[in-house]
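**Q** Here the protein sequences line up with chains A and B, keeping their order. In terms of UniProt numbering, the first sequence opens at residue 1 and continues consecutively. In terms of UniProt numbering, the second sequence opens at residue 1 and continues consecutively. Mind looking over this structure? Questions follow.
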Amino acid sequence: MTSAATETTLAAQDLAAGHRRIAMHRIAMLVVLAVILLVALVLDLTTGPARIDLAEIVGGILDPAGLDVRTRIILWQVRLPDALIALSVGAALGLAGLETQTVLNNPLASPYTLGISAAASFGAAMAIVLEPVLSFVPPMAVLPVTAFAFSFGAALLILALSALHGGATSTVILYGIALHFLCNALTSALQYFASAEAVERVVFWTVGNLTKAGWTEVGIVTAVFLLVLPLSLRHVWVLTALRGGEVLAASAGIAVGRVRIAVMARVALLAAIGVCFVGAIAFVGLVGPHIARMLLGEDHRYLIPGACLTGAAMLSLASFLSKVLLPGVIVPVGIVTAIVGVPVFLALIAARRGEAAWR
Amino acid sequence: MAVMTVRDVDVRLGGRPILSRVSLPPLQPGRLTALIGPNAAGKSTLLRALIGAIPARGTIAVDGTEVRNIDRHTRRGLLSYMPQALPQGSSLSPYELARSYARATELALAGPDLDRRIAELFSMLGLMDDAHRPMQVLSGGKRQLVGLCLTVIHQPAILLLDEPTSALDLHWQLAAISMVRGYLDRNGASAVMALHDVNLALRFSDEIAVLKHGRLVAAGPPADIVTPDLIADVYGVAARVETCSAGIPVLLADRPTSTATSTASPG
């Protein structure tokens, strides 16, 4: 081997060794996130109006028949579905937020800011207000179906409009913002004309609440998330390459427009399924990916699992907080994510000040 | 050993003609063609047309096959385009970016072989010390060098480079073009390189093509093409072309001439 070839081999080994150190650090961060998620889940499961300790919960999961009827009902009908829907919706919103931010190259992109959540709220409001007309359909089915149809339709509309305009990222975001305001205005209009009882139900739904979900909803959201996640993981290298800039990626032969459409279709499904059962959840899809990015960098092999874990942990912690913030009251989790999300978001902005990311 | 043919290329954007019947000398293996001309002459548009990024009429072919008819996968190994835009400032490192590009574009190399390719390029362009630093803390010049690495990582047969030295200081301008020159010599590849610095074109290219207002004004060996009359006509600058001690022609620009209005305003 010539000395130049030996030098190149040594330099390559240096590069690989440096990268291995960074990779180990990121794997350690993923383990830390998984531990935080586990702690959040335990806190969520053990907190509530009825006092049930961890041993009882573990015992009740392993052997439900060993619990008394009251505790069994609380654990299996309330605590577990609520805790698990928090994990699955949080993970879905984290993944949807991350993929949106990456393909649109915009730190403010998320299902919420793109109007997908507002469309779900409008759909739900329609279902509630028109319920007397649709009395032959079970209300438990019509509301999530309508919310899903509206949010999925909204996401597809944004996707179609952006495809029509060549997929320019700023266009997609502007359409999303316009849609967000339109849906909010239409929801307000519905509330203006609706009965007081309907308005109360609309408000209750739109703030985002985990207690609406049961095992069926947990199963559906988890199944959709598990279906979409491998598709996202198949795109890890392309999504990472996109962070070097869209022009450069396109010039390297990456079909940027096609990737964006595939990603937005995934986001539409995740966001719509995420909000249709529990209502609008602010900030998880926006802030979760930012936290994951700060901890894990932008290699999407680590960032995708990281954003899912962060989203799930955030919503699970919000679910825990919703039960302890006001004694004797369970605050809707959508309010908690919004209140806690704002300072977290501001802290992230402060932490990132001076950085040149997203330039 | 691929040969690119560019003949009578017309490009219209937004209904406006940008390029009119532009032809280049055949891009032979190992040869570097510099594309010079004032702002808005159509240099970047021509390069984008050559890679197939914008629709064009005329002949743009590699070994007789029209570029638009070459499938995406084959085109990656054949043609590579470096845009003017620098790689974005992100928290990715140059090494991560290079690896993701290689994997995203299905480069056959992986593992230690890919690391050797990256190390070779990074060593040539002085990027080893910055390999694991976030792109967002690197200077524009360093990011441009990373962009150049990404362009050649597939070892394509034809390079299309749009102002690859615009953000670089003197040392790295010479290092970057020397790297490209060495790459062409070793791999029998060819390159078209848009340049603003006429002296770099004189020093390193085998042919120079001069564009003005979307038309080819002149093309041929550097010493024959770059004359005071051409510089006055194309750039509106009074200049001398003298031969330096190394026997290379050097352009000495004196002052703008009264015909400076013939060039477009800076774009």
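Positions of the beta carbon are idealized from the N, C-alpha and C atoms, including for glycine.
Three or more C-beta pairs under 8 Å: does that hold for the segment 62 to 81 of chain B against the segment 28 to 46 of chain B?
**A** Cβ pair count under 8 Å is below three, so no.
**Q** Buried or exposed: where does S265/B fall if 16 or more other Cβ atoms within 10 Å of its Cβ makes it buried?
**A** In the second sequence, residue 265/B corresponds to position 265, counting from 1. Because S265/B sits at a pLDDT of 43, beneath the cut-off of 50, its placement in the model cannot be relied upon, and the following sentence gives the value as read from the coordinates. By the 10 Å Cβ count, S265/B comes out exposed.
**Q** In this structure, how does DSSP classify P256/B when only helix, strand and coil are distinguished?
**A** Within the second sequence, numbered from 1, the residue matching residue 256/B stands at position 256. If DSSP states are grouped into helix, strand and coil, P256/B belongs with the strands.
**Q** Applying a beta-carbon distance threshold of less than 7 Å, which residues of chain A neighbour Y81/B?
**A** Numbered from 1 along the second sequence, position 81 holds the residue referred to as residue 81/B. Neighbours of Y81/B on chain A, chain order: S251.
**Q** Tell me where the beta strand (DSSP E) around residue 268/B begins and ends.
**A** Residue 268/B lies beyond the residue range present for chain B, which begins at 1 and ends at 267; the question has no answer from this structure.
**Q** Between A104/B and A241/A, is the Cβ-Cβ spacing less than 7 Å?
**A** The residue labelled residue 104/B in the question sits at position 104 within the second sequence. The residue labelled residue 241/A in the question sits at position 241 within the first sequence. In this structure, A241/A lies closer than 7 Å to A104/B by Cβ.
**Q** If we ignore side chains and look at the alpha-carbon of each, how far apart do L346/A and V336/A end up?
**A** Here residue 346/A refers to the residue found at position 346 of the first sequence. Here residue 336/A refers to the residue found at position 336 of the first sequence. Each residue's alpha carbon lies about 16 Å from the other.
**Q** According to DSSP, simplified to helix, strand and coil, what is M24/A?
**A** Indexing the first sequence from 1 puts residue 24/A at position 24. Helix, per DSSP.
**Q** For L145/B and G30/B, which I take to be in contact (beta-carbon distance under 8 Å), what is that distance rounded to the nearest angstrom?
**A** Within the second sequence, residue 145/B is the residue found at index 145, counting from 1. Within the second sequence, residue 30/B is the residue found at index 30, counting from 1. That belief does not hold up - the Cβ atoms of L145/B and G30/B are roughly 23 Å apart, past 8 Å.
**Q** Bridge partners of R7/B, per DSSP?
**A** On the second sequence, residue 7/B is found 7 positions in, with the first residue counted as 1. R7/B is bridged to T59/B.
**Q** Quick one: what's got a C-beta closer than 8 Å to P25/B's C-beta in the same chain, skipping five residues either side?
**A** As a first step, residue 25/B is located in the second sequence; it is residue number 25 there, counting from the start. Only T33, E207, A209, A219 and G220 meet the Cβ criterion.
**Q** Quick one: is G18/A near chain B, going by C-beta distance under 7 Å?
**A** As a working mapping, residue 18/A is identified with position 18 in the first sequence. G18/A counts as touching chain B.
**Q** Anything in the segment 117 to 128 of chain B with a Cβ closer than 8 Å to a Cβ of chain A? List those residues in chain order, please.
**A** Within the segment 117 to 128 of chain B, the residues whose Cβ lies closer than 8 Å to some Cβ of chain A are I118, A119, E120, F122, S123 and M128, listed in chain order.
**Q** Given this structure, state the Cα-to-Cα distance separating G18/A from R76/B, to the nearest angstrom.
**A** The residue labelled residue 18/A in the question sits at position 18 within the first sequence. The residue labelled residue 76/B in the question sits at position 76 within the second sequence. Roughly 29 Å between the two C-alpha positions.
**Q** Hey, how far is the Cα of F204/B from the Cα of D254/B?
**A** As a position in the second sequence, residue 204/B is number 204, starting the count at 1. As a position in the second sequence, residue 254/B is number 254, starting the count at 1. Going from the Cα of F204/B to the Cα of D254/B covers about 23 Å.
**Q** Could you pull the start and end residues of the beta strand (DSSP E) that K323/A belongs to?
**A** Position 323 of the first sequence, counted from the first residue, corresponds to residue 323/A. No beta strand (DSSP E) holds K323/A; the alpha helix (DSSP H) holding it covers H300 to V324.
**Q** Alpha carbon to alpha carbon, how far is G123/A from A49/B?
**A** As a first step, residue 123/A is located in the first sequence; it is residue number 123 there, counting from the start. As a first step, residue 49/B is located in the second sequence; it is residue number 49 there, counting from the start. Looking at the two C-alpha atoms, the distance is approximately 46 Å.
**Q** With a threshold of 7 Å on Cβ separation, who are the neighbours of Q13/A within its own chain once the five nearest residues in sequence on each side are excluded?
**A** In the first sequence, counting from the first residue as 1, residue 13/A sits at position 13. Cβ within range, chain order: n/a, list empty.
**Q** May I ask which residues mark the beginning and end of the alpha helix (DSSP H) holding T243/B?
**A** Here residue 243/B corresponds to residue number 243 of the second sequence, with the count starting at 1. No alpha helix (DSSP H) holds T243/B; the beta strand (DSSP E) holding it covers V237 to T243.
**Q** What are the complete alpha helix (DSSP H) segments, minimum 4 residues, inside the segment 74 to 151 of chain A?
**A** You should have 80 to 104 and 116 to 129.
**Q** Report yes or no: do the segment 219 to 226 of chain A and the segment 76 to 94 of chain A share at least 3 C-beta pairs separated by less than 8 Å?
**A** They touch, by the three-pair rule.
**Q** Output, in sequence order along the chain, the residues in the segment 98 to 116 of chain B whose CB is closer than 7 Å to any CB in chain A.
**A** Going along the segment 98 to 116 of chain B in chain order, one finds S100, Y101, R103, A104, T105, P112, D115 and R116 with a Cβ nearer than 7 Å to chain A.
**Q** T102/A touches chain B at which residues, Cβ-Cβ below 8 Å?
**A** Locating residue 102/A in the first sequence gives position 102, where the first residue counts as 1. None at all; the shortest Cβ gap to chain B is about 10 Å.
**Q** Use the C-beta contact count for S195/A: other C-beta atoms within 10 angstroms, 16 or more gives buried, fewer gives exposed.
**A** Counting from 1 along the first sequence, the entry for residue 195/A is found at position 195. Classification for S195/A: exposed.
**Q** Just by C-beta distance, which residues in the segment 131 to 147 of chain B are closer than 7 Å to chain A?
**A** The residues in question are A131, H132, Q136 and G147.
**Q** Which term fits T45/B, buried or exposed, when burial requires 16 or more other beta carbons within 10 angstroms of its beta carbon?
**A** The residue you call residue 45/B lines up with position 45 of the second sequence. The residue in question, T45/B, is buried, as its Cβ has 16 or more Cβ neighbours within 10 Å.
**Q** Within the continuous alpha helix (DSSP H) that includes G285/A, where are the two ends?
**A** Taking the first residue of the first sequence as 1, we reach residue 285/A at position 285. From DSSP, the alpha helix (DSSP H) with G285/A extends over V284 to L296.
**Q** List the whole-angstrom C-beta distance separating P111/A from L93/A, where the pair is believed to meet the contact cut-off of C-beta under 8 Å.
**A** The residue given as residue 111/A occupies position 111 in the first sequence. The residue given as residue 93/A occupies position 93 in the first sequence. Confirmed, Cβ separation roughly 6 Å.
**Q** Have a look at T59/B and V217/B and give me their C-alpha separation to the nearest angstrom.
**A** Residue 59/B sits at position 59 when you count from the first residue of the second sequence. Residue 217/B sits at position 217 when you count from the first residue of the second sequence. So the two alpha carbons sit approximately 19 Å from each other.
**Q** Is A313/A closer than 7 Å to residue 367/A when the C-beta atoms are compared?
**A** Absent from the structure is residue 367/A, since the part of chain A shown begins at 1 and ends at 359.
**Q** S190/B to A108/B, Cα distance in whole Å?
**A** As a first step, residue 190/B must be located in the second sequence, where it is residue number 190. As a first step, residue 108/B must be located in the second sequence, where it is residue number 108. Approximately 22 Å between the Cα atoms of the pair.
**Q** Starting from the Cα of V234/B, find the closest Cα among E242/B, G214/B and Y95/B and give me that residue.
**A** Walking along the second sequence from the start, residue 234/B turns up at place 234. When only C-alpha atoms are compared, the closest one is G214/B.
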